[in-house]
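Numbering (the UniProt record's numbering), first residue to last: 1 to 197. Shown next, in C-alpha coordinates, is the structure this report addresses.
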Amino acid sequence: MATTKIPVPKPGEGEPIVFFDIQLGGEPLGRIKIHLFANAVPRTAENFRQFCTGEHKGPGGKPLGYKGSKFHRVIKNFMIQGGDFLHSDGTGSTSIYNNTAFADESFALKHTRPYLLSMANSGPNTNGSQFFITCAATPWLDNKHVVFGQVLGEEDDGGESIRVVRMIENTRTAGPGGRGTGERPVLDVRVAECGEM
(Lines of atoms letter the chains of each structure in order from A and count residues from 1; the text may use other names and numbers.)
(Lines give C-alpha, C1' and ligand atoms only; values in the text may rest on other atoms or scores of the structure.)
Protein backbone atom coordinates (compact mmCIF):
# COMPACT_ATOMS: atom_id res chain seq x y z
CA MET A 1 0.00 0.00 0.00
CA ALA A 2 1.43 3.39 -1.03
CA THR A 3 1.84 6.12 1.55
CA THR A 4 1.29 9.78 0.84
CA LYS A 5 4.24 12.01 1.61
CA ILE A 6 3.29 15.30 3.21
CA PRO A 7 5.39 18.14 1.76
CA VAL A 8 7.63 20.06 4.13
CA PRO A 9 5.82 23.29 5.08
CA LYS A 10 6.88 26.69 3.79
CA PRO A 11 7.36 29.33 6.49
CA GLY A 12 3.88 29.91 7.85
CA GLU A 13 2.50 33.10 9.21
CA GLY A 14 3.40 33.36 12.86
CA GLU A 15 5.76 30.38 12.79
CA PRO A 16 8.96 31.06 14.74
CA ILE A 17 12.48 31.36 13.37
CA VAL A 18 15.15 30.56 15.96
CA PHE A 19 18.93 30.67 15.77
CA PHE A 20 22.10 29.08 17.12
CA ASP A 21 25.42 30.98 17.06
CA ILE A 22 27.95 28.15 16.84
CA GLN A 23 31.54 27.96 18.07
CA LEU A 24 34.02 25.24 17.08
CA GLY A 25 36.88 24.83 19.52
CA GLY A 26 36.00 28.21 21.04
CA GLU A 27 36.14 30.05 17.69
CA PRO A 28 33.02 31.51 16.01
CA LEU A 29 31.75 29.31 13.17
CA GLY A 30 28.55 31.10 12.17
CA ARG A 31 24.80 31.15 12.69
CA ILE A 32 22.21 28.43 12.01
CA LYS A 33 18.67 29.79 11.52
CA ILE A 34 15.81 27.32 11.87
CA HIS A 35 12.15 27.64 10.86
CA LEU A 36 9.96 25.73 13.34
CA PHE A 37 6.82 24.00 12.02
CA ALA A 38 4.58 25.35 14.78
CA ASN A 39 1.40 24.93 12.73
CA ALA A 40 2.02 21.21 12.07
CA VAL A 41 3.54 20.21 15.44
CA PRO A 42 2.89 23.04 17.93
CA ARG A 43 3.90 21.26 21.17
CA THR A 44 7.18 19.98 19.75
CA ALA A 45 8.04 23.35 18.18
CA GLU A 46 7.21 25.23 21.39
CA ASN A 47 9.41 22.92 23.47
CA PHE A 48 12.38 23.68 21.19
CA ARG A 49 11.58 27.41 20.95
CA GLN A 50 11.54 27.84 24.73
CA PHE A 51 14.89 26.07 25.06
CA CYS A 52 16.28 28.46 22.42
CA THR A 53 15.05 31.55 24.28
CA GLY A 54 15.87 30.23 27.76
CA GLU A 55 12.42 31.23 29.03
CA HIS A 56 11.69 27.79 30.52
CA LYS A 57 12.76 27.52 34.15
CA GLY A 58 13.87 24.32 35.79
CA PRO A 59 13.97 23.40 39.48
CA GLY A 60 14.88 26.41 41.59
CA GLY A 61 13.85 28.83 38.85
CA LYS A 62 17.08 28.41 36.88
CA PRO A 63 16.66 29.01 33.11
CA LEU A 64 17.08 25.83 31.05
CA GLY A 65 18.12 25.90 27.44
CA TYR A 66 20.52 25.31 24.61
CA LYS A 67 22.87 28.24 25.32
CA GLY A 68 26.27 26.75 26.15
CA SER A 69 25.26 23.22 25.09
CA LYS A 70 27.20 21.02 22.66
CA PHE A 71 26.54 19.06 19.51
CA HIS A 72 27.72 15.80 21.08
CA ARG A 73 27.18 13.43 18.13
CA VAL A 74 28.19 13.93 14.49
CA ILE A 75 27.82 11.31 11.75
CA LYS A 76 28.85 12.41 8.25
CA ASN A 77 26.18 11.94 5.56
CA PHE A 78 23.60 11.28 8.28
CA MET A 79 23.05 13.88 11.01
CA ILE A 80 24.36 16.21 13.73
CA GLN A 81 22.83 15.83 17.21
CA GLY A 82 22.63 18.14 20.20
CA GLY A 83 20.32 19.31 22.94
CA ASP A 84 21.70 17.53 26.01
CA PHE A 85 22.31 20.62 28.13
CA LEU A 86 22.09 18.49 31.30
CA HIS A 87 25.12 16.19 30.77
CA SER A 88 26.56 17.20 27.34
CA ASP A 89 27.04 13.56 26.31
CA GLY A 90 23.67 12.38 24.99
CA THR A 91 22.42 10.87 28.25
CA GLY A 92 20.41 13.86 29.50
CA SER A 93 17.05 15.16 28.34
CA THR A 94 14.17 17.20 29.70
CA SER A 95 11.17 19.09 28.34
CA ILE A 96 9.07 22.16 29.11
CA TYR A 97 6.19 19.81 29.94
CA ASN A 98 6.73 19.14 33.67
CA ASN A 99 10.43 18.50 32.93
CA THR A 100 9.55 15.00 31.69
CA ALA A 101 9.44 13.27 28.29
CA PHE A 102 6.46 14.01 26.06
CA ALA A 103 4.57 12.03 23.43
CA ASP A 104 5.29 11.83 19.71
CA GLU A 105 3.05 14.57 18.32
CA SER A 106 2.81 13.59 14.64
CA PHE A 107 4.72 11.58 12.05
CA ALA A 108 3.06 13.34 9.08
CA LEU A 109 6.29 15.11 8.08
CA LYS A 110 8.97 12.81 6.72
CA HIS A 111 12.78 12.80 6.67
CA THR A 112 12.89 13.42 2.91
CA ARG A 113 15.99 15.58 2.60
CA PRO A 114 18.92 17.22 4.39
CA TYR A 115 18.57 20.13 6.82
CA LEU A 116 15.42 18.95 8.59
CA LEU A 117 15.13 19.31 12.37
CA SER A 118 13.84 16.22 14.16
CA MET A 119 13.47 14.94 17.72
CA ALA A 120 16.09 12.55 19.07
CA ASN A 121 14.55 9.99 21.39
CA SER A 122 15.13 6.64 23.07
CA GLY A 123 11.91 5.04 21.82
CA PRO A 124 8.24 5.91 21.39
CA ASN A 125 6.99 8.95 23.33
CA THR A 126 10.37 9.84 24.89
CA ASN A 127 10.85 13.34 23.42
CA GLY A 128 12.69 15.98 25.40
CA SER A 129 15.44 18.47 24.67
CA GLN A 130 17.61 16.41 22.31
CA PHE A 131 17.30 16.94 18.57
CA PHE A 132 19.16 16.29 15.34
CA ILE A 133 19.54 18.00 11.97
CA THR A 134 19.63 15.69 8.96
CA CYS A 135 22.56 15.87 6.53
CA ALA A 136 20.83 13.60 3.98
CA ALA A 137 17.44 12.01 3.40
CA THR A 138 16.88 9.53 6.25
CA PRO A 139 13.62 7.69 5.47
CA TRP A 140 14.35 4.86 7.95
CA LEU A 141 13.65 7.42 10.71
CA ASP A 142 10.10 8.09 9.48
CA ASN A 143 7.39 7.16 11.99
CA LYS A 144 10.03 6.96 14.74
CA HIS A 145 11.21 10.58 15.07
CA VAL A 146 9.10 13.76 14.81
CA VAL A 147 10.21 16.25 12.14
CA PHE A 148 9.46 19.75 13.44
CA GLY A 149 11.60 22.28 11.58
CA GLN A 150 14.07 23.04 8.83
CA VAL A 151 17.33 24.94 8.50
CA LEU A 152 16.88 28.07 6.40
CA GLY A 153 18.16 27.69 2.86
CA GLU A 154 20.16 29.73 0.36
CA GLU A 155 17.19 31.93 -0.52
CA ASP A 156 16.60 32.83 3.14
CA ASP A 157 20.03 33.72 4.54
CA GLY A 158 22.54 33.45 1.70
CA GLY A 159 23.40 29.87 2.62
CA GLU A 160 25.13 30.62 5.94
CA SER A 161 22.95 28.21 7.94
CA ILE A 162 23.56 25.32 5.55
CA ARG A 163 27.29 26.12 5.42
CA VAL A 164 27.51 25.96 9.24
CA VAL A 165 25.62 22.63 9.35
CA ARG A 166 28.02 21.19 6.75
CA MET A 167 31.05 22.44 8.69
CA ILE A 168 29.77 20.71 11.83
CA GLU A 169 29.05 17.56 9.82
CA ASN A 170 32.64 17.55 8.54
CA THR A 171 34.37 18.26 11.85
CA ARG A 172 36.80 15.58 13.03
CA THR A 173 35.32 13.00 15.40
CA ALA A 174 36.79 10.33 17.67
CA GLY A 175 35.69 7.46 19.85
CA PRO A 176 35.80 7.21 23.66
CA GLY A 177 38.80 8.92 25.19
CA GLY A 178 39.53 10.72 21.91
CA ARG A 179 40.85 7.57 20.25
CA GLY A 180 39.94 5.97 16.93
CA THR A 181 36.89 6.78 14.90
CA GLY A 182 33.64 7.69 16.51
CA GLU A 183 30.78 10.14 16.66
CA ARG A 184 32.00 12.67 19.25
CA PRO A 185 33.60 15.87 17.87
CA VAL A 186 37.28 16.23 18.81
CA LEU A 187 36.81 20.00 19.23
CA ASP A 188 33.73 21.18 21.13
CA VAL A 189 30.89 22.28 18.85
CA ARG A 190 29.01 24.64 21.14
CA VAL A 191 25.91 26.83 20.99
CA ALA A 192 27.44 30.12 22.15
CA GLU A 193 24.18 32.04 21.86
CA CYS A 194 20.64 31.22 20.81
CA GLY A 195 17.22 32.80 20.67
CA GLU A 196 14.23 33.71 18.53
CA MET A 197 14.48 36.06 15.54
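C-beta: ideal position from N, C-alpha, C; glycine also. None of these values were measured; they are calculated from a predicted model.
At least 3 beta-carbon pairs within less than 8 Å: the segment 52-71 vs the segment 114-127: no
Which two residues bound the contiguous alpha helix (DSSP H) that contains Val164? As a working note, residue 164 is residue 164 in the sequence shown. Here the alpha helix (DSSP H) through Val164 covers Glu160 to Glu169.
Under the assumption that Val151 contacts Ser106 (Cβ atoms under 8 Å), give the Cβ distance between them as a whole number of angstroms. Locating residue 151 in the sequence shown gives position 151, where the first residue counts as 1. Locating residue 106 in the sequence shown gives position 106, where the first residue counts as 1. 20 Å between Cβ atoms; not a contact.
Can you tell me whether DSSP reads Cys135 as helix, strand or coil? In the sequence shown, the residue the question calls residue 135 occupies position 135. Coil, per DSSP.
Run through the DSSP bridge pairs and tell me what Leu24 is partnered with. The sequence position of residue 24 within the sequence shown is 24, counting from 1. DSSP, once it has assigned bridges, lists Glu27 and Val189 as partnering Leu24.
Under 8 Å, with one C-beta from each stretch per pair, do the segment 36-43 and the segment 133-141 reach the 3-pair mark? no
I need the DSSP call for Gln81, collapsed to helix, strand or coil. The count along the sequence shown starts at 1 and reaches residue 81 at position 81. Reduced to three states, the DSSP call for Gln81 is strand.
Quick check: the Cα distance between Thr100 and Thr171, rounded to an integer number of angstroms? As a working mapping, residue 100 is identified with position 100 in the sequence shown. As a working mapping, residue 171 is identified with position 171 in the sequence shown. Straight-line spacing of the CA atoms in Thr100 and Thr171 works out to 32 Å.
Three or more C-beta pairs below 8 Å linking the segment 16-25 and the segment 88-100: no
Whole-angstrom Cβ separation of Ser93 and Ser129, contact assumed at under 8 Å? Position 93 of the sequence shown, counting from 1, holds the residue named residue 93. Position 129 of the sequence shown, counting from 1, holds the residue named residue 129. Sure, about 5 Å apart at Cβ, within 8 Å.
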